[in-house]
Amino acid sequence: MSRSPSAGGPLRARMRRRALRYLTSFSGLVLAALGLTHTGWWCWAFPLEAFALIPLLELLL
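Just add 51 to wherever you are in the sequence shown, counting from 1, and you've got my numbering.
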């Protein structure tokens, strides 16, 4: 019994969420390193991601 290509909908959504989870964790490390080594807006990149972007994504997704 073969499945249609649209049958993987929930699996694709789960994989997208997993990819987004890894992306936010690794981008946090990169933004923290940039904030420690650079000046200007880079100093605020990690706190903005941690306290604004991630909670907004959790509310929307």
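Even for Gly, the Cβ is constructed at its ideal location relative to N, Cα and C.
Alpha carbon to alpha carbon, what distance is there between residue j and residue i?
i: residue 61; j: residue 73; result: 19 angstroms
i: residue 93; j: residue 66; result: 30 angstroms
i: residue 87; j: residue 76; result: 17 angstroms
i: residue 105; j: residue 80; result: 14 angstroms
Please say whether residue j and residue i have beta carbons closer to each other than 8 angstroms?
i: residue 85; j: residue 103; result: no
i: residue 82; j: residue 109; result: no
The alpha helix (DSSP H) with residue i in it runs from where to where?
i: residue 91; result: Neither: residue 91 is in no alpha helix (DSSP H) and is coded neither H nor E.
i: residue 100; result: Here residue 100 belongs to no alpha helix (DSSP H), and DSSP marks it neither H nor E.
Assuming residue i and residue j make a contact with CB atoms under 8 angstroms, what is their CB distance in whole Å?
i: residue 68; j: residue 112; result: 7 angstroms
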